[in-house]
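Number of protein chains: 2
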Amino acid sequence: MRRFYVAQQNITDTIVSITGEEAHHIANVLRMHPDESIIIFDGSGWDYEIRLQSISSRLVTGHIISRTLNSAEPPLSITLVQGLAKGEKMDFIIQKAVEVGVNRIIPIHCDYSVVRLEGKKPTARVERWNRMAIEACKQCGRSQPPPVEMVSGLEDVLKKTADRPRIIFYEQSKERGLNDIINQHRRLFLEQGLTVFVGPEGGFSPAEVHKVQEAGGWIAGLGPRILRTETAGLVALSILMWELGDLRA
Amino acid sequence: MRRFYVAQQNITDTIVSITGEEAHHIANVLRMHPDESIIIFDGSGWDYEIRLQSISSRLVTGHIISRTLNSAEPPLSITLVQGLAKGEKMDFIIQKAVEVGVNRIIPIHCDYSVVRLEGKKPTARVERWNRMAIEACKQCGRSQPPPVEMVSGLEDVLKKTADRPRIIFYEQSKERGLNDIINQHRRLFLEQGLTVFVGPEGGFSPAEVHKVQEAGGWIAGLGPRILRTETAGLVALSILMWELGDLRA
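Protein chains in written order, with numbering that gives the first Met the number 0: chain A, 0 to 248; chain B, 0 to 248.
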């Protein structure tokens, strides 16, 4: 069944009101009819099965038939701190990270970032990324769109992520492998979740790696091949969801 | 140091001749000078360090300074049988599969494939994909570009891949998880490598899954979220390279 996102205030005990783009999509693109059924989610973790009642391009209403707890939300909470990459790559990273099960995304301006977002651009871009996260949830079956936060600097990000352990991926890592880190701190990660840092196209600077390490972060590599920034995050999230989350299930 | 691909017949015991696009790139794009050094690879598994001698846009020559065995080639041999996906997605899949360490790629026409390549298109497309595989090797540090073979049908692919075990990813899988398959056949995979089947946008048909299973393939899922075709292959390869290859190193 098709999935749509609706803000929580538009859901009562029995009735759902769908407006904006989603209403337009149901009425004009999919040309759905009354009595057809859809699934809606509101970020609460619940999926609602809805029977459509009235349909127009501005407002679609429906009855709630049933409510079930969504089972596609991962048990492991991972925050991805992603070095700002060029336009399309960033879109791709957001989409894929949501599919694999990320919980929160913070784009970060890095020393070696090629892209700089100035003026009004960051806000527009972040809005776009949040819409993409919702779209990815609709497609992959998740019910809680991970927030994509404002683009930040490293100092800010370290404050924002102070509540849980961190891993920074650094290709010049001569430190312990990711495997050792996972095995030694498995319980901690399962209890608290974790934050992973992935650099932009040019990678992290040694100073940035040092700062994350000083803040208690562990440095890890991702094998002998040099992974592009949009590959590194996805590979890292896949491994973590396999080792600690629900990909192995 | 920058990496370039050269055909084996252009390498003697002491001298390398570089022609075509790579020569143009060295001479006109990078504007390199005699006595600068580069790395070349020829698909043999060796990396050659070269000191440039003469440079023109049609022919670049250089002395071989040293030869080292490339360490970015994975110890595990995985063939990816990929359901034909739409243009850009397929490009992306090739690039990412090479980065993560695939050994061979066979695009396959599936029952639910949206894309059909007719006439001369398949040959041109396969040439393009092979160029992309070489480019990905240059970037990620590998020395043996995985061949991208002609687009085939399922029967052909089953014959071509009869020499090693197979896993087919199927989202409606109610079978054993990937974890069980890896644990029960770890030794077999390490000795023989394996072939993984990933469906196109519409997934595999039940008939296709049945055929692969009849040919001895195991069915596996990839967790509770519905992964897009271009995500599924990359996640599967990441997990297999982590469990059986060199990502954990």
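We treat Cβ as the ideally placed atom computed from N, Cα and C, and that holds for glycine.
Please read these numbers as outputs of a predicted model, since none were measured by experiment.
Residue pairing by DSSP leaves I133 of chain B without any beta bridge partner. Across the structure, V28 of chain B and E21 of chain B are spaced so that their CA atoms are roughly 10 Å apart.
Under the 10 Å beta carbon count, Y169 of chain B is surrounded by 16 or more other beta carbons and is classified as buried. Neighbours of G140 of chain B in chain A, taken as residues at a C-beta separation under 7 Å, are given in chain order as R224, I225.
In this structure, DSSP gives P106 of chain B an extended state, which the three-state scheme calls strand.
Against R247 of chain A, the close residues of chain B are G176, L177, N178, G222, I238, in the order they occur along the chain (beta-carbon pairs closer than 9 Å). In the DSSP assignment, D46 of chain A forms a beta bridge with A:F40, A:T67. Listed as beta-bridge partners of V28 of chain A by DSSP are no residues whatsoever. One alpha carbon belongs to G118 of chain B, the other to C139 of chain A, and they sit about 35 Å apart. Taking the C-beta atoms as reference points, R50 of chain A is found nearer than 7 Å to S36 of chain A. Among the residues facing chain B, V234 of chain A is included, as its CB has a counterpart in that chain under 7 Å away. For G152 of chain A, the closest C-alpha among the options A:P144, A:G82, A:A214 is that of A:G82.
Not a single CB atom of chain B sits nearer than 7 Å to the CB of A132 of chain A.
Note on the region 173-247 of chain A: whole beta strand (DSSP E) runs with a minimum of 3 residues are 193-197, 217-219, in chain order.
Taking the beta carbon of S70 of chain A as reference, the chain B residues within 7 Å of it are P223, listed in sequence order. When only Cα atoms are considered, L246 of chain A and A214 of chain A end up about 30 Å apart. Cα atoms of K85 of chain A and I92 of chain A: separation of roughly 11 Å, rounded to the nearest angstrom.
Around the beta carbon of P74 of chain A, fewer than 16 other beta carbons lie within 10 angstroms, which makes this residue exposed. Pairing V5 of chain B with I39 of chain B gives a Cβ-Cβ distance under 7 Å.
When 8 Å is used as the limit between beta carbons, G118 of chain A is near no residue of chain B, the shortest such separation being about 30 Å. Using a CB distance cut-off of 7 Å, K95 of chain B counts as an interface residue toward chain A. The beta carbon of W241 of chain A falls within 7 Å of a beta carbon belonging to chain B, placing the residue at that interface. R224 of chain B counts as buried, since no fewer than 16 other beta carbons sit within 10 angstroms of its beta carbon.
Inter-segment contact for the region 130-149 of chain A and the region 104-112 of chain A is present: three or more beta-carbon pairs are separated by less than 8 Å.
Residues of the same chain with a CB within less than 8 Å of the CB of V125 of chain A, apart from the 5 flanking positions on each side, are P106, V147, E148, M149, V150 in chain order. The beta carbons of V15 of chain B and G61 of chain B sit closer together than 7 Å.
In this structure, the CA atom of S56 of chain A is about 10 Å from the CA atom of R30 of chain A. R2 of chain B has B:I38 as its beta-bridge partners, per DSSP.
Annotation for P164 of chain B: H184, L187, F188, Q191, L193 place their beta carbon closer than 7 Å to its own, counting only its chain and skipping 5 residues before and after.
Excluding five sequence positions before and after P121 of chain B, the CB atoms of its chain that fall closer than 6 Å to its own CB belong to V150, given in chain order. Here the alpha carbon of P199 of chain A sits roughly 10 Å from the alpha carbon of M89 of chain A. In the three-state scheme derived from DSSP, where H, G and I count as helix and E and B as strand, G61 of chain B is classed as strand.
The shortest CA-to-CA distance from G100 of chain A to any of A:Y111, A:M131, A:S76, A:A123 is the one to A:S76. Collapsing the DSSP output to three states places Q143 of chain A in coil. For G19 of chain B, DSSP records no beta bridge to any residue. In this chain, Q81 of chain B is not harboured by any alpha helix (DSSP H); it is covered by the beta strand (DSSP E) spanning 77-82.
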